[in-house]
Amino acid sequence: MKKQKYHLTLDEVDSKFILAIYSGLPSYRLAFLINTCLFSQLKRVKDLDFYRDVKFPYFFFQDEVLQIEYRLIKNKTNQISNEQPLDSNPLNGLFNETASIEETFYVLPEYKEADYLLVLDGEFGDDQLVHIENEITKLEEVLSAYYIPFENIKSKTHLTF
């Protein structure tokens, strides 16, 4: 009698959904509008820090009844580095010119065009996801919003909180 081998595979179901939002609003204003249309309670918590002292505004809400979490993160932030002298010659002390460098950092660099990311964590039905996308897209100050397939994201480590 031949032995049979059984292989058990576990399909890891990822319950994270990322909605890319295009809006020029300040983060606190967008969080307020999302709270209004989704009846959530996003509150600003400690900013996220992925790169050397670069802060990303971060809002969080946990619905304990439905066991879902909402996270609103600004995808891009600018930081001006310390001014550095262009000419290091000490004889030119009176007219030393300095330059400041502005750098842009992203939570998801592969989606640079997205202003904000709404990360939904929990069990959602397709109709709920469509409803959330439609409600946010209806906001006058939001230009566009669409879901990003989680498997297409290269910098997934930035989305682990």
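The sequence shown begins at 102 in this note's numbering and counts up one residue at a time.
Backbone N, C-alpha and C fix where the C-beta goes; we use that ideal spot for every residue, glycine too.
Going by C-alpha positions, residue 231 is about 22 Å away from residue 160. Between residue 249 and residue 132 a beta carbon distance of about 19 Å is seen, past the 8 Å cut, so the two are scored as non-contacting. Of the candidates 177, 117 and 176, the residue whose Cα lies closest to the Cα of residue 252 is 117.
Taking one beta carbon from each stretch, the stretch 217-229 and the stretch 200-207 have fewer than 3 pairs nearer than 8 Å; the two do not touch. Taking 7 Å as the cut-off, the Cβ atoms of residue 238 and residue 206 do not count as close.
Nearest Cα to residue 208 within the set 166, 125, 243 and 174: 174.
The DSSP-derived three-state label of residue 239 is helix.
Take the alpha-carbon of residue 139 and the one of residue 210: they are about 27 Å apart.
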